[in-house]
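Okay, so here's the structure we're looking at.
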Amino acid sequence: MRGCLGLLFGLCVASSAQATLDIEITGAGEHQTPISVVRFGGEERIAGQTISSVVSNDLLRTGLFKLIDPAGKAPHEPGDVRYVEWAGVEALVIGSVRALGDGRAEVRFRLLDAVRQTELIALAVTARSDQVRAIGHRIADLVYEKLTGSAGVFSTRIAYVNREGKQFRLVVADSDGYGEQTLLSLNEPIMSPAWSPDGKQIAYVSFERGHATVFVQSLATQKRTVLADFSGSNSAPAWSPDGKQLAIVLTRDGSSQLYLVGADGKDLRRITFSETIDTEPAFSPDGKTLLFTSDRGGKAQIYRVAAEGGYAERLTFEGGNNFSPRFSPDGKSFVYSQFSGGTFYIAVQDFESKQVQILTPGGWEKKPSFAPNGKLILFATESQGRGILATVSSDGRVKQKMVAQRGDIREPIWGPFLKQ
Amino acid sequence: MKKLILGLVLANLLVACASEPIEEETQAPTAATEPAATEPAAAPAETATAAPAPEATEAAAPVVEAAAMPTETSVHFPFDVDAVQAEDRATVQALGKYLSENRASKVRLEGNADERGSSEYNLALGQRRANNVKKLLVLSGAAESQVTTVSYGEEKPRATGHDEASWAENRRVDFVAK
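Just so you know, the protein sequences line up as chains G and H, in that order. Position 100 (the first sequence) corresponds to 100 in our numbering; numbering is contiguous. In short: position in the second sequence from 1, add 1000, done, that's our numbering.
Set out below in structure tokens:
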């Protein structure tokens, strides 16, 4: 059995797809910084993309920038820039790529303040020539951070499940949906991927043993271990911020209840003791509390409980049913999916004011999660009968849909910042 | 797709009718409000040869032909409800009695849910539906060891439409002989 799985898995690992998305952006930020990203000198198309196009698209998707066409101007060094030609542009990205002959390339990039006519960032990096996308994302992160004051999330990754007929694939991709990598492919359902805080492992639910079982898989080695395989359903893994334990949901004692378990699968402790459904635990950033979904009040609503258990406080009262809570990175609010009048909406509630904001127009919108900088929310929705990825800015202003070319996308979750 | 679903429903009816007298219409959307069988459109002539008169079913005690295991049938649920419905109790009780008389027989109860909810909530709901059917089976004479449960939540929809007919079909516990 093991060998068979290993073989199946080996065949599926590291298959990747390029340019599989159709991206549509609507809305704009309150203030948009006019910026021009000039084609880099010597840059080549790799998988249909150049460094400068990766940078442009990243910035465009935030809704915070207005991309100004360089209109044929192509400076690559600060000395080439004639600022009088860039009226109306506040920031300018220029650079060049030089092949080093050993499969590596040197990328030089500068961010210029076109109003003050000063250099804001200058950087040279050497990387493998096939890593242009990663370099582009890194440059976009630096530009975004310099111009907005918030950390960029373009270099982070997302995970989701792609369902195509009976085939389920667990997929990791760049934050813009490109660079898909299949971690696991099964003819049984896969659910609820969850990133470890260091971004090195993913916990998820698989039905390959005939019932819902929680696995943990290393992204680097692809090694898989079973975290929970009790009778009944084992599901809804969520990592504690220190990565030492996970909250999971088991039905071994009857209805779905919350448990804590060590990342090594030991030291199982039950947290909730209801006769009803308790599921979808999510740790607060400080690790002290859990949000979860429960129908203990008759309908599915969001509750909060101390991580060691105890009294659970109901947090949601609006809409019909509320599901899938996740904390914002600063711990001040939480995002969830509200089912009301036959439609799912993405909503955010502030802990202190208790104010609820509906961020989306409504649809089949499920499983929201914050980007690690708290500025964007990723969720699953539907477009023309297909399950797709979508994002909305945390103020609801900018929306984006990403349509994969095959299959239905489900269960997305945004990964953490990676320590460089 | 519609035809396929209807075919499955009919197959269910035929199997159910052949082995036991119960099983009314397989869950019309409004079934919860109509406990009595309402003689659905799905009673075409082709079943007439084998099927007993539908009127006889309602008050009938769970009398079971011990010849074949009455499996490969299903019970259905209203939206976000996990309790076995009144019209399905006789079906479940009949199977419980059969299992009590055939201790070597085993059944797996597969709980399912429609897609209106989160996947995890629906996994939990499907498990509760299967668990509740199991409780009734055990009350009806089955041994715990004869009955296993599993939930597929919304992950294995039999009907894939986004409409009440599909959702109703997917809110279901299937009985599978082991």
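Ideal placement from N, C-alpha and C gives every residue a C-beta, glycine not left out.
- Contact of Gln-1127/H with chain G is assigned, a C-beta pair being separated by under 8 Å.
- Taking a Cβ-Cβ cut-off of 8 Å, the neighbours of Lys-1156/H in chain G comprise Pro-189, given in sequence order.
- Contact annotation: Ser-324/G and Lys-367/G have beta-carbon atoms nearer than 8 Å.
- C-alpha of Asp-395/G to C-alpha of Ala-312/G: approximately 29 Å in a straight line.
- Contact between Phe-283/G and Ala-307/G holds: CB atoms are separated by about 7 Å, below the 8 Å threshold.
- Interface criterion met: the Cβ of Glu-1120/H is under 8 Å from a Cβ in chain G.
- Between Lys-288/G and Ala-263/G, the CB-CB gap reaches or exceeds 8 Å.
- By the beta-carbon neighbour count (other beta carbons within 10 angstroms, threshold 16), Gln-257/G is buried.
- One thing to note: Ser-96/G has its Cβ within 8 Å of the Cβ of His-76/G.
- Cβ contact annotation for Glu-119/G (same chain, cutoff 8 Å, sequence separation greater than five): Pro-78, Arg-110, Leu-111, Leu-112, Asp-113, in chain order.
- The shortest CA-to-CA distance from Pro-1078/H to any of Glu-1169/H, Phe-1175/H, Leu-1123/H, Lys-1134/H is the one to Glu-1169/H.
- Interface criterion met: the Cβ of Ala-300/G is under 8 Å from a Cβ in chain H.
- Distances from the alpha-carbon of Lys-166/G to those of Val-81/G, Ser-185/G, Asp-176/G, Leu-60/G put Ser-185/G closest.
- Taking 9 Å as the upper bound on Cβ-Cβ separation, chain H lies near residues Trp-364, Lys-366, Lys-367 of the segment 354-378 of chain G.
- Taking C-alpha positions only, Ile-135/G is separated from Gly-362/G by approximately 35 Å.
- Only Asp-1080 from the segment 1078-1109 of chain H bring a Cβ to less than 8 Å from some Cβ of chain G.
- With respect to chain H, the C-beta atom of Ala-236/G has a partner C-beta closer than 8 Å.
- Here Thr-26/G is bridged, per DSSP, to Lys-399/G.
- DSSP lists Lys-66/G as the beta-bridge partner residues of Pro-34/G.
- The secondary-structure analysis by DSSP pairs His-1076/H across a beta bridge with Arg-1172/H.
- With respect to Val-205/G, Ser-231/G sits apart: the two C-beta atoms are not nearer than 8 Å.
- Thr-276/G sits close to Ser-255/G, with the two beta carbons spaced by under 8 Å.
- Of the other Cβ atoms in all chains shown, fewer than 16 fall within 10 Å of the Cβ of Ala-1104/H; this residue is therefore exposed.
- Fully contained in the segment 270-317 of chain G are the following beta strand (DSSP E) runs of length 3 or more, in chain order: 278-283, 289-294, 301-306.
- DSSP links Leu-170/G through a beta bridge to Val-161/G, Leu-184/G.
- The C-alpha of Leu-1136/H lies about 10 Å from the C-alpha of Ala-1083/H.
- In the structure shown, Ser-218/G falls within a strand segment according to DSSP collapsed to helix, strand and coil.
- By the criterion of at least three beta-carbon pairs nearer than 8 Å, the segment 331-343 of chain G is in contact with the segment 368-382 of chain G.
- With respect to the 8 Å criterion, Ser-1151/H and Ala-212/G are classified as neighbours on the basis of their beta carbons.
- A Cβ-Cβ distance of about 6 Å is found for the pair Ala-194/G and Trp-239/G, placing them in contact under the 8 Å criterion.
- Rounded to whole angstroms, Glu-106/G and Thr-126/G show a C-alpha spacing of 4 Å.
- Around the beta carbon of Lys-1134/H, 16 or more other beta carbons lie within 10 angstroms, which makes this residue buried.
- Here Ala-140/G carries a helix assignment [DSSP, helix/strand/coil].
- Within the same chain, Cβ atoms closer than 7 Å to the Cβ of Phe-207/G are found at Glu-188, Pro-189, the five residues on either side in sequence being excluded.
- Ile-277/G belongs to the set of residues whose beta carbon lies under 8 Å from a beta carbon in chain H.
- The C-beta separation of Ser-52/G from Glu-43/G comes to about 6 Å, placing the pair in contact by the 8 Å criterion.
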